[in-house]
Amino acid sequence: MTQLRVPTSSKMNAVLLSEYGGSENLSWGETDLPLGPKDGHIMIQVIAAGVNRPDIIQRKGDYPPPTGESEILGLEVSGYVVKCGNNSSKFKIGDRVFALLPGGGYAQYATVDERLAMAIPQNMEFKTATAIPENWLTGFQLLHLEAKGFLDYLKGKQDTSALVHAGASGVGTALIQLTRDLGMKCYVTAGSAEKIDYCLALGATSGTNYKMHPKWDEELAHHEPKGVDIILDSVGASYFGQNMKSLKTDGYYVLYGTLGGSKLDGENLGWILRKRLNVFGSTLKSRSMGYKSSLVNKFEHEVVPKFESGQFKVSIYEEFSAVDVKKAHDMMESNKNMGKIVLAITE
Ligand SMILES: NC(=O)c1ccc[n+]([C@@H]2O[C@H](COP(=O)([O-])OP(=O)(O)OC[C@H]3O[C@@H](n4cnc5c(N)ncnc54)[C@H](OP(=O)(O)O)[C@@H]3O)[C@@H](O)[C@H]2O)c1
């Protein structure tokens, strides 16, 4: 078992980014230990860090960290609490925690507001815990906080359905399980038969391999002729027209990524008018501390017990040593992963 190591110098190792650009600019090397922890913050000895698509976008220079936060990549970690700042009372040194970070996760030590950290359930490994915060908090907030009115809309309705694009992505694997937990059918799109099978194993109702069947909306219409109640979309522009056709009247369209582009060309906004659609967009990283801390608090009480009971499954695709961070980013950019890629920081 990995030993707890309180930092003994002002230096640590971390993934360094020499300049914005390709994955060849990443390396494992020495940098300064983070300052603090400040009041209400804790310092975590990072055992594992999650790799997320937003890290790739940040590496390329298109998604900077919020002002004043660490420039080091990494939005989630698991590890041991090694220091507690003044007025921090939620944890004690030696506690096993997992946390959502504004940045700084690809490092031996990271500091975070204790309100964004959660206790790791007893029967859960560090690498499993680290795969949860970014994907699951994103999915949970989209359904439970961002798509305002959606939970009320669902009340008393029978036979409701969701469409999740990139179903085998980290966030997609969470959304499949979260929509099923709300009693909805969940349809997915993904880029291979293997990925569709993977989504079905996580509980998806049916799926379309969009590379074999680019007209996935026509396939979906066989199952749901009136359309689905909600679309959770990380693809954006390239699917816009098909998405509009695939929604029910009064349905919800939630955009949380633009993997397929962010510029619309010739699409008809009339769909939004005629179908009286509810349209939402969201990012998690830039949200205020108040928002994120109440999200984490709600998640701790309502969702974490479902991991402990085995109802929710965490999908880990591959674990890389931190020195192999380039390989981890290359794998994600090749769209190969089904579920999470994890970096082992302390072996
Ligand atoms: N708004 C937020 O708060 C927030 C937070 C976290 C993540 N995100 C976004 O959520 C998305 C998923 O993130 P993740 O970390 O879960 O990603 P991930 O595990 O890397 O999965 C992304 C998958 O999307 C699919 N994809 C890529 N380009 C596509 C395209 N042009 N058209 C259709 N599908 C495409 C690929 O699978 P296929 O083989 O199926 O094509 C790829 O494996 C990203 O857009 C990310 O930026 C948003």
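With our numbering applied, the sequence shown covers 695 to 1041.
For every residue, glycine included, the Cβ atom is placed at its ideal position computed from N, Cα and C.
All values derive from a computational prediction rather than experimental measurement.
Of the listed residues the options, nearest to residue i (C-alpha basis)
{"i": "Ile-826", "options": "Ile-1010, Met-1032 and Thr-1040", "result": "Ile-1010"}
{"i": "Glu-808", "options": "Tyr-714, Ile-787 and Pro-999", "result": "Ile-787"}
{"i": "Tyr-892", "options": "Gly-861, Gly-921 and Ser-783", "result": "Gly-861"}
{"i": "Ala-813", "options": "Ala-823, Thr-805, Ala-804 and Gly-762", "result": "Ala-823"}
{"i": "Gly-730", "options": "Gln-697, Ser-764, Ser-717 and Phe-834", "result": "Ser-764"}
{"i": "Ser-783", "options": "Asn-817, Gly-833 and Lys-732", "result": "Lys-732"}
{"i": "Arg-874", "options": "Ser-863, Pro-758, Ser-855 and Ala-887", "result": "Ser-855"}
{"i": "Leu-978", "options": "Ile-738, Glu-770 and Arg-699", "result": "Glu-770"}
{"i": "Leu-971", "options": "Val-990, Ser-940 and Ser-956", "result": "Ser-940"}
{"i": "Pro-728", "options": "Lys-754, Gly-798 and Ile-750", "result": "Gly-798"}
{"i": "Thr-702", "options": "Asp-726, Asn-719 and Gly-716", "result": "Asp-726"}
{"i": "Ser-712", "options": "Gln-697, Gln-752, Arg-747 and Thr-696", "result": "Gln-752"}
{"i": "Ile-966", "options": "Asn-781, Tyr-947 and Val-990", "result": "Tyr-947"}
{"i": "Asn-991", "options": "Glu-724, Leu-831 and Ser-1015", "result": "Leu-831"}
{"i": "Val-806", "options": "Gly-734, Met-818 and Val-922", "result": "Gly-734"}
{"i": "Ser-704", "options": "Gln-697, Leu-710, Leu-698 and Glu-724", "result": "Glu-724"}
{"i": "Lys-1007", "options": "Leu-872, Leu-710, Lys-957 and Glu-994", "result": "Leu-872"}
Any non-hydrogen atom of ligand 1 closer than 8 Å to residue i Cβ
{"i": "Pro-759", "result": "no"}
{"i": "Leu-872", "result": "no"}
{"i": "Leu-978", "result": "yes"}
{"i": "Ser-900", "result": "no"}
{"i": "Lys-920", "result": "no"}
{"i": "Ala-895", "result": "no"}
{"i": "Ile-925", "result": "no"}
{"i": "Tyr-950", "result": "yes"}
{"i": "Thr-1040", "result": "no"}
{"i": "His-838", "result": "no"}
{"i": "Tyr-904", "result": "yes"}
{"i": "Met-706", "result": "no"}
{"i": "Leu-953", "result": "yes"}
{"i": "Asn-1031", "result": "yes"}
{"i": "His-907", "result": "no"}
{"i": "Gly-885", "result": "yes"}
{"i": "Arg-753", "result": "no"}
Short Cβ contact (9 Å threshold) for residue i with residue j
{"i": "Thr-899", "j": "Thr-883", "result": "no"}
{"i": "Ser-772", "j": "Val-791", "result": "yes"}
{"i": "Ser-976", "j": "Tyr-950", "result": "yes"}
{"i": "Gly-833", "j": "Ala-793", "result": "no"}
{"i": "Val-776", "j": "Ala-811", "result": "no"}
{"i": "Ala-887", "j": "Met-906", "result": "yes"}
{"i": "Gln-739", "j": "Tyr-800", "result": "no"}
{"i": "Val-944", "j": "Tyr-847", "result": "For clarity, residue 944 is Asp in the given sequence; the question names Val instead. For Asp-944 and Tyr-847, yes; Cβs fall inside 9 Å."}
{"i": "Leu-896", "j": "Ile-925", "result": "no"}
{"i": "Lys-1020", "j": "Leu-720", "result": "yes"}
{"i": "Leu-914", "j": "Leu-857", "result": "yes"}
Classification of residue i by the beta-carbon crowding that lies within 10 angstroms, buried from 16 upward
{"i": "Val-865", "result": "buried"}
{"i": "Asp-911", "result": "buried"}
{"i": "Tyr-985", "result": "exposed"}
{"i": "Val-973", "result": "exposed"}
{"i": "Lys-659", "result": "Any answer about residue 659 is impossible in this case: the structure gives the chain only from 695 up to 1041."}
{"i": "Glu-828", "result": "buried"}
{"i": "Tyr-714", "result": "exposed"}
{"i": "Asp-959", "result": "exposed"}
{"i": "Gly-850", "result": "exposed"}
Same chain only: Cβ atoms within 6 Å of residue i, ignoring 5 sequence neighbours per side
{"i": "Lys-920", "result": "Lys-942"}
{"i": "Ile-1042", "result": "In this structure the chain extends from 695 to 1041, so residue 1042 is not present and cannot be described."}
{"i": "Cys-778", "result": "Ile-736"}
{"i": "Phe-820", "result": "Ile-741, Ala-742 and Ser-772"}
{"i": "Ser-980", "result": "Pro-760"}
Cβ shell of residue i (< 7 Å), same chain only, five flanking positions each side left out
{"i": "Pro-815", "result": "Val-998, Phe-1001 and Glu-1002"}
{"i": "Glu-1013", "result": "Lys-821, Val-1036 and Ala-1038"}
{"i": "Tyr-933", "result": "His-859, Asp-927 and Gly-954"}
Near ligand 3: residue i beta-carbon under 8 Å from a heavy atom
{"i": "His-917", "result": "Absence of ligand 3 from the depicted structure is noted, with ligand 1 being the only ligands included."}
Contacting residues, own chain, Cβ-Cβ under 8 Å from residue i (five flanking each side not counted)
{"i": "Glu-1027", "result": "Ser-717 and Ile-750"}
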